[in-house]
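Residue numbers are given in this note's numbering: position 123 of the sequence shown equals residue 136, and the series is strictly consecutive. Heads up, the beta-carbon is just placed ideally off N, CA and C, and yes, glycines get one too. Since the model is a prediction, treat every value here as computed from it, not as a measurement. A quick write-up on the structure given underneath.
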Amino acid sequence: SGNSADGYYTSHRLLSLATNRGSTVYGPATGVRIRMTNIADCYIEDGMIVKEWLVRDNMTLAIQLGADPVDAAHDMANRQNAELVDWFASESGRVRKVEVPDDVNKPVSPRANPELFAWRVLASAWRADQETFDKTHAPYSVLHRSPLRHYSGRKNVFAYYQSLRKILGSVHFSIDHVASQPFGDNGIDIAVRWTVTGIHEGEVMGVAPTGNPLFIMGVSHWRCINDRIAAEMTIFDDLAVLSQTLAP
14 SGNSADGYYT SHRLLSLATN RGSTVYGPAT GVRIRMTNIA DCYIEDGMIV KEWLVRDNMT
74 LAIQLGADPV DAAHDMANRQ NAELVDWFAS ESGRVRKVEV PDDVNKPVSP RANPELFAWR
134 VLASAWRADQ ETFDKTHAPY SVLHRSPLRH YSGRKNVFAY YQSLRKILGS VHFSIDHVAS
194 QPFGDNGIDI AVRWTVTGIH EGEVMGVAPT GNPLFIMGVS HWRCINDRIA AEMTIFDDLA
254 VLSQTLAP
């Protein structure tokens with residue numbers, strides 16, 4: 014999306030294949046063939062990328078390399094620097110001030126208003142509004158979270174988001190950018206970069222609630238057919254979230 018005067022915005026979904034031939038933060042070389050999913054949101058001026066938001070599925074990477082997720086998260090927590098902690102705090106403060114549009118409760122076509130549709134989808138997920146969620150998702154919709162995790166049917170997709178919401182407790186969220194392109198005669202592809210903040214109030218991977226602040230930056234790619242989401246790829250760093258629950 015965009016133009017030559019204001020700059021262009023692109024959202025790239027990547028599948029990376031690699032073989033672990035050297036030591037990593039997760040341990041010595043394993044020789045394992047791995048698959049990783051990433052999304053890069055890029056802002057472009059004069060044909061050059063001047064700003065990029067990169068989200069990667071480090072949890073799946075750690076698991077494929079044989080690392081214990083909690084141990085890997087402990088290590089990540091210990092490597093956090095003051096600059097990152099300050100950025101988390103600043104962004105969390107920004108998100109808490111965001112107001113959800115009043116029109117979010119009104120039906121809207123994603124082809125007519127992709128941004129308002131995005132607000133409607135995220136609000137239904139984070140507010141546990143299954144009625145609205147069902148109106149924005151096809152019955153057969155699928156969610157791909159990683160090469161190892163897939164959820165089929167809107168009931169299971171909704172259940173996934175509710176399991177995440179319970180971990181976060183009181184949720185605040187923002188939509189930071191929306192881009193879209195038509196797909197076929199009756200569809201549209203939408204890329205949404207979003208941020209969610211909360212408090213660790215629910216157990217996650219055996220880690221009991223700590224009350225620590227939690228911060229998630231994610232990107233969702235939706236393919237909408239007949240004004241409902243038929244397929245979704247959502248990427249954020251689960252390992253980073255787990256590390257925040259373990260932060261000192």
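Helix, strand or coil: how does DSSP classify residue i here?
i: ALA151; result: strand
i: GLU144; result: helix
i: GLY15; result: strand
i: ALA31; result: strand
i: ASN51; result: strand
i: VAL63; result: strand
i: VAL38; result: coil
i: VAL68; result: strand
i: ARG109; result: helix
i: ARG2; result: The structure shown does not extend to residue 2, since the chain is modelled only from 14 to 261, so the question has no answer here.
Since residue i and residue j should fall inside the 8 Å C-beta cutoff, what is the C-beta to C-beta distance between them, to a whole number of angstroms?
i: VAL38; j: ASP88; result: 6 Å
i: ASP250; j: ASP70; result: 7 Å
i: ASP240; j: ARG124; result: 7 Å
With 16 as the cutoff for other CB atoms within 10 Å, does residue i come out buried or exposed?
i: GLU58; result: exposed
i: LEU252; result: buried
i: HIS163; result: exposed
i: SER256; result: buried
i: SER36; result: exposed
i: TRP139; result: buried
i: THR32; result: exposed
i: GLU245; result: buried
i: TRP100; result: exposed
i: PRO82; result: buried
Go through the region 188-259 residue by residue and report every complete run of the beta strand (DSSP E) that reaches 3 residues or more, in order.
-> Within the region 188-259, the beta strand (DSSP E) runs of at least 3 residues that lie entirely inside it are, in chain order, 200-212, 226-238, 241-248.
Tell me, please, whether the region 216-225 touches the region 185-200 by the rule of three or more beta-carbon pairs shorter than 8 Å.
-> Pairwise C-beta distances place the region 216-225 out of contact with the region 185-200, as fewer than three of them are shorter than 8 Å.
Does the count of Cβ pairs from the region 160-175 and the region 185-196 closer than 8 Å reach three?
-> Note that the region 160-175 does not touch the region 185-196; fewer than 3 beta-carbon pairs, one per stretch, sit closer than 8 Å.
Meets three-Cβ-pair contact criterion under 8 Å: the region 220-233 and the region 200-211 = Note that the region 220-233 touches the region 200-211; at least 3 beta-carbon pairs, one per stretch, sit closer than 8 Å.
At 4 residues or longer, and completely inside the region 157-190: list those alpha helix (DSSP H) runs for me, N to C.
-> Counting only runs that start and end inside the region 157-190, the alpha helix (DSSP H) elements of at least 4 residues fall at 167-181.
Below 8 Å, can you find three or more Cβ-Cβ pairs linking the region 222-229 to the region 136-156?
-> Contact fails: fewer than three Cβ-Cβ distances are below 8 Å.
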